[in-house]
Amino acid sequence: MAAVSSASDTGDSRGRHPPERRLLILGGPRSGKTSSANTILGDNVFDGGAETTHSNVGQTEIYGRRVTVVDTPPWAIPSDPEDDEDADTTDNGAAESDSPTRPAQSLDSEGPCMGAILCPPGPHAILLVVSLPKGVFIEEHIANTGEALQWLVERCGSRYHSFDNTRKETEDNTQVPELMEKVEEMITDNQGWYFEVNELILLEEEQARRALEEERMRMEEHARQREQMIGGPPRELRLLLLGWKGVGKSSVGNSILGRRYFESGQETELCLRRQALVCGRRVTIVDTPGWDWFSVRRTPKRIRQETQRGAALLRPGPHTLLLVLPVVSSLTARKRRTLLAHIETLFGDDACLHTMVLFSCGDWLGRTPIEEHILRGGRDLQRLLEYCGNYYHVMDSKTPGKDRSVSVLLDKIEEMIRENGDKAFLPIQTEWLSEESSYSSDNTEPEDDCRGCMLQ
């Protein structure tokens, strides 16, 4: 949320101290926002046992003032895959709790900024809820947690308050009155002004929410279409991983197939074919040795031959050549020409119809959209994508089996196949085959090809 202006709240003759106080509750998942809001209101107005997907408003009276409290959906927090496996999905309903879990944000959940419109013309105080371990004094927690929390407290004018949401029924509970006293002090310091939210921010949030809703509907439609195929043969996709040495081809293959089939972290010497059922499709991937970054001639002949034999393992031919390109690598004119020379030398002029750029190390982008990265990448990156028909995808290869973008990638591959019509795959050429078949490694019989594929 961003403030664009402040305005004086006229509730009495001086316009300084209105009879109402408006509080906006913000925080991350499982931080205890809803329980804290209920503590302030003195009743279980909000459902603390369910995920908050839309902002809710409650009112009460404290010391003769009407107090409006708005509980908001949690904002998204980037999650650690290892933490996700051990996360506790039960809300403990208290601001004083163990470390919060980090569930994925619901597709139909609105952003927290939308809650500001439920307390017009704007909140007097924004209460940022952070979980606190049980049995720890707040000052001790701030001092020991680290610079990040200390910076946050300083940014808030060193204003903070501690809640124990398990004490709200006790007679000696003074934590709510003490909180309201601190709120009054802050309002006095602000000369009675309230916080006004930029309407453009709210509009952007609403547009983002609608985009998420459209994405949810699209995913449901794809799921429905997949269910209709139950009982029939699975769709088959044959993919060949290509690229320089050390760009993460093996890790990308593991991410697509959902488990560690390829050995990452070491140089690939021989082609390896693996297969798995992914999102209703039978996906076959061949990992290949890496090329030289600057010259086709500097790529050993045996590596070039091995790459061609890798394509031959995907009989009658690969549907897509996935050109793996790390987002952290800049693309110069020489690098681009070398990539295209490798592709055209090994697979011919028609290879461009079946090539898609797959950006690896997508976690390095953070919140930067891939389209913005492409614009910043310069003309050579854009020319490479034009060569590939502007087919590209970005994925984080650190978490095999957990990247939701795999389904989107397979959708794009199928779209490319449909666009290619009667050239659905790149046919195997005689020169790709070699009597030195021992150079290639596979865990399937040679007769186990893909001739029964529905997408041929």
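The sequence shown lines up with residues 7 to 462 when you count with my numbering.
Note that beta-carbon positions come from the ideal geometry of N, C-alpha and C, so glycine has one too.
All values derive from a computational prediction rather than experimental measurement.
**OP:** Put Q281 into one of helix, strand or coil per three-state DSSP.
**Re:** strand
Original post:
Excluding sequence positions up to five away, which residues of its chain have a Cβ less than 6 Å from the Cβ of L390?
Top reply: R342
Original post:
Any heavy atom of the ligand ATP closer than 6 Å to the CB of F268?
Top reply: You won't find the ligand ATP in this model; it holds no ligand whatsoever.
Original post:
Is the stretch 376 to 394 close to the stretch 296 to 313, with three or more CB pairs under 8 Å?
Top reply: no
Subject >> DSSP beta-bridge partners of E26 >> reply: R72
Original post:
Sorted by chain position, which residues of the same chain lie with C-beta nearer than 7 Å to R304's C-beta, five sequence neighbours on each side aside?
Top reply: D298
**OP:** State the Cα-Cα distance for the pair C358 and M223, rounded to the nearest angstrom.
**Re:** Taking the straight line from one Cα to the other gives about 32 Å.
Subject >> For H379, the first and last residue of its enclosing alpha helix (DSSP H) >> reply: It spans 376 to 382 - the alpha helix (DSSP H) in which H379 sits, taken as one unbroken run.
**OP:** Tell me the start and end of each unbroken beta strand (DSSP E) in the stretch 279 to 319 that is at least 3 residues and wholly inside, in chain order.
**Re:** 287 to 293
Original post:
Would you say V258 and S366 are within 7 Å of each other, going by their C-beta atoms?
Top reply: yes
Original post:
If you drop the 5 nearest sequence neighbours on each side, which residues of the same chain put their C-beta closer than 6 Å to that of E26?
Top reply: These residues qualify, in order along the chain: R72.
**OP:** Kindly confirm or deny that the stretch 30 to 49 and the stretch 187 to 198 touch, where touching means at least three C-beta pairs closer than 8 Å.
**Re:** no
**OP:** Closer than 7 Å by C-beta to T66: which residues in its own chain qualify, once you throw out the five before and the five after it? Chain order, please.
**Re:** L47, G48, V73
Subject >> Anticipated Cβ contact below 8 Å, L415 with L327, distance rounded >> reply: Not a contact, Cβ separation roughly 14 Å.
**OP:** Output the boundary residues of the alpha helix (DSSP H) element that contains L155.
**Re:** 153 to 161
Original post:
Exposed or buried, which one is W157 when buried takes at least 16 other CB atoms within 10 Å?
Top reply: Only exposed fits W157, as fewer than 16 other CB atoms lie within 10 angstroms of its CB.
Subject >> Nearest to N426 (by Cα), restricted to the options C394, V400, T436 >> reply: Between N426 and the set C394, V400, T436, the nearest pair of CA atoms involves C394.
Original post:
Hey, how far is the Cα of P126 from the Cα of V189?
Top reply: 18 Å
**OP:** Express the C-alpha separation of D355 and I291 in angstroms, rounding to a whole number.
**Re:** 22 Å
Original post:
Quick one: complete alpha helix (DSSP H) runs, 4+ long, within the stretch 404 to 433?
Top reply: Taking only runs of at least 4 residues, the alpha helix (DSSP H) segments lying wholly in the stretch 404 to 433 are 411 to 426.
Subject >> Residues sharing a beta bridge with P332, DSSP >> reply: Here P332 is bridged, per DSSP, to S366.
**OP:** Below 8 Å on the Cβ atoms is my guess for D402 versus D369; work out the distance and round it to an integer in Å.
**Re:** 4 Å
Subject >> Residue nearest to M422 in terms of C-alpha spacing, selected from P324, G121, I262 >> reply: P324
Subject >> beta strand (DSSP E) segment containing I132, residue limits >> reply: 131 to 135
**OP:** Could you tell me which residues DSSP puts in a beta bridge with Y398?
**Re:** Bridge partners of Y398 according to DSSP: V363.
Subject >> Close Cβ partners of G128 (< 6 Å) along its chain, the five nearest in sequence each way excluded >> reply: Y200, F201, E202
Subject >> Three-pair Cβ contact test at 8 Å for the stretch 314 to 324 versus the stretch 268 to 283 >> reply: yes
**OP:** If I'm right that L329 touches L345 with Cβ under 8 Å, what's the distance once you round it to whole angstroms?
**Re:** 7 Å
Original post:
Apart from the five residues on each side of it in sequence, which residues of its chain come closer than 8 Å, Cβ to Cβ, to A347?
Top reply: V302
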